[in-house]
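S.K.:
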Amino acid sequence: MNLSEGYGVLKCRAIAGQKELGQGTPHYQVHVKDDQFSYRLAINVRSSQQPFDLLYFVDDNFEHFITDKLDQLDFGFKKLENSDRQPGKIALDYIRGNLFKVNQMKPLPFNLPGENNDLNELIDSYIQRAIETQAVVYVFGEPWGPENKPDKVFGFQPGRGVHNLHMNQGNSGRFAQENGVYQDGALLIHYPSALSSGDYWVAVFFAFQSQSFHTDDSTGNPIDKIVGSEPVEPGTSAVKARVRIIGALVNPRGEDSGKESVTLINSSPQKIDLNGWAIADKLKRKQPLDGFSLEPGGVITVPLSPEKIQLSNDGGILSVLDSEGTKVDGVSYTKEDAKEQGWTLVF
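Sequential numbering of the sequence shown, starting at 171, is according to my numbering.
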């Protein structure tokens, strides 16, 4: 089944977690409940093809405008329709949503001798904390069930759950049919304020090393031609951007119109001609960078035209697109980040 037919988000609380240690395609299994039903979350911890180790990234203090939207959801599974799977909406897209820098993802074996050194144990630590604190868990992925039989792991009936809690684009071969945009999986946990000076979010993202982080904006299929970035190292899909966003004036003093700006740096040793490049906001509105260039190590501040692009004070994203339309770098900011007038956000 194409993920776009069932993709959604489940708001729930964790009841129990269980590691799988066998070979093949083991998962970390989680028993969760909403206000009515039990579900099983099947989180991939090992790939079925080489390289076997999954890529992961944990943000222990996740700040993104999407958390405000998640807070407003009712408990239970919400199918995300096409209207939800758009820029600036609730659906996840690792590449277009600027949730994190994809080159922050690192491979980790699912099972190693010792303590606190493999993917099973990493996930388990966050799930056990969520159980102890009754944290609210948000799961993006594809649902299954209800089944006319007990769950095969936890025994509740009817069996039902959510899987594909990983990036769901950039696949090749037999998994290419699962590609799409704004349908990526993830695990987000909202821990209560009793644990610290305030409540906080943790976000856990997963991807396979065989997946590409450069994908078509319509199909989610891999893009082989990379113009605006270069590989980090042979055999990896993550990329090292030549042009990065290092700052943005989102909330200028006085009237916003005509005063917003974005600051870019060229981190490469070559001069870069930015003709054909563009800056894009969370609604995919674009401002061309024609006429600009960057010397090696050079920095430029680009004034933004309100007729072409607008930065919301309620939170948003910014992306740099190269002449092929491929995203080279991206950042996000929250309403809290933008509340003070006149301050340039530094990324």
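Glycine included, each C-beta is placed from N, C-alpha and C at the ideal position. Everything numeric in this text was worked out from a predicted model, so none of it was measured.
By Cβ distance, which residues of its chain are closer than 6 Å to G390, with the 5 residues on each side in sequence left out?
M.R.: Q339, N349, G350, V351
S.K.: Going by DSSP in three states, G500 sits in which element: helix, strand or coil?
M.R.: Correct three-state label for G500: strand.
S.K.: Taking the C-alpha atoms as reference points, what is the distance between A346 and Q379?
M.R.: For A346 and Q379, the distance between alpha carbons rounds to 14 Å.
S.K.: Using only the alpha-carbon positions, how far apart do L419 and L289 sit?
M.R.: 38 Å
S.K.: Under the DSSP definition of a beta bridge, which residues are partnered with I487?
M.R.: S502
S.K.: Could you give the first and the last residue of the continuous alpha helix (DSSP H) run that contains E291?
M.R.: Here the alpha helix (DSSP H) through E291 covers 289-303.
S.K.: With 16 as the cutoff for other CB atoms within 10 Å, does N341 come out buried or exposed?
M.R.: buried
S.K.: Do F376 and Y177 come within 9 Å of each other at the CB atom, strictly closer than that value?
M.R.: no
S.K.: Relative to the C-alpha of I265, which candidate in F517, V490, K181, L474 has its C-alpha closest?
M.R.: V490
S.K.: Using the three-state DSSP reduction, which class does T406 fall into: helix, strand or coil?
M.R.: Caution is warranted here: a pLDDT of 40 is assigned to T406, below 50, making its placement in the model unreliable, and the coordinate value is therefore given only provisionally. Correct three-state label for T406: coil.
S.K.: Where D582 and A186 are concerned, what is the direct C-alpha to C-alpha distance, given to the nearest angstrom?
M.R.: Residue 582 falls outside the range modelled here, since the chain spans only 171 to 517, and no answer is possible.
S.K.: When burial is assigned at 16 or more other CB atoms within 10 Å of the CB, is D321 buried or exposed?
M.R.: Label assigned to D321: buried.
S.K.: Measure the alpha-carbon distance for L481 versus W314 and round it to whole angstroms.
M.R.: 38 Å
S.K.: Answer with yes or no whether the minimum CB distance from E494 to chain C is below 9 Å.
M.R.: In the displayed structure, chain C is absent; only one protein chain is listed.
S.K.: From the DSSP secondary-structure annotation, give me the bridge partner or partners of N214.
M.R.: H197
S.K.: Can you name, in chain order, every residue of its own chain whose Cβ lies under 6 Å from the Cβ of S511, other than the five neighbours on each side?
M.R.: For the record, residue 511 in the displayed sequence is Gln; it is not Ser. Once the five neighbours on either side are set aside, the close Cβ partners of Q511 are N421, R423.
S.K.: Taking L250 as part of the alpha helix (DSSP H), name the residues at either end of that continuous run.
M.R.: Premise fails: L250 is in no alpha helix (DSSP H) and is neither H nor E.
S.K.: Mapping the DSSP letters down to three states, classify L278 as helix, strand or coil.
M.R.: strand
S.K.: Among the candidates K456, I470, R455, whose CA atom is the shortest distance from the CA of F462?
M.R.: I470
S.K.: Return yes when the Cβ of N268 is within less than 9 Å of the Cβ of G500, no when it is not.
M.R.: It is a contact, given that the beta carbons lie within the stated cut-off.
S.K.: Look at the alpha carbon of L488 and the alpha carbon of V215, and state the distance between them as a whole number of angstroms.
M.R.: Taking the straight line from one Cα to the other gives about 31 Å.
S.K.: Taking 9 Å as the threshold (C-beta atoms), are Y308 and L240 in contact?
M.R.: Yes, they are a contact pair.
S.K.: Taking the alpha-carbon positions, what's the F121 to P328 distance?
M.R.: The question about residue 121 has no answer here: the residues shown for the chain are numbered 171 through 517.
S.K.: Assign L191 to buried or exposed, taking buried as 16 or more other Cβ atoms, counted over all protein chains shown, within 10 Å of its Cβ.
M.R.: exposed
S.K.: Helix, strand or coil for R455, going by three-state DSSP, please let me know.
M.R.: In the structure shown, the three-state DSSP call for R455 is coil.
S.K.: Exposed or buried, which one is N445 when buried takes at least 16 other CB atoms within 10 Å?
M.R.: N445 counts as exposed, since fewer than 16 other C-beta atoms from the protein chains shown sit within 10 angstroms of its C-beta.
S.K.: Please name the residue, chosen from E291, T237, I435, N287, that lies closest to I359 on a Cα-to-Cα basis.
M.R.: Among E291, T237, I435, N287, the Cα nearest to that of I359 belongs to T237.
S.K.: Going by other Cβ atoms of all chains shown within 10 Å of its Cβ, with 16 needed for buried, is D205 buried or exposed?
M.R.: exposed
S.K.: Smallest Cα separation from P439: which of A450, G284, P466?
M.R.: P466
S.K.: Please state if the CB of I213 and the CB of Q193 are separated by a distance shorter than 9 Å.
M.R.: no
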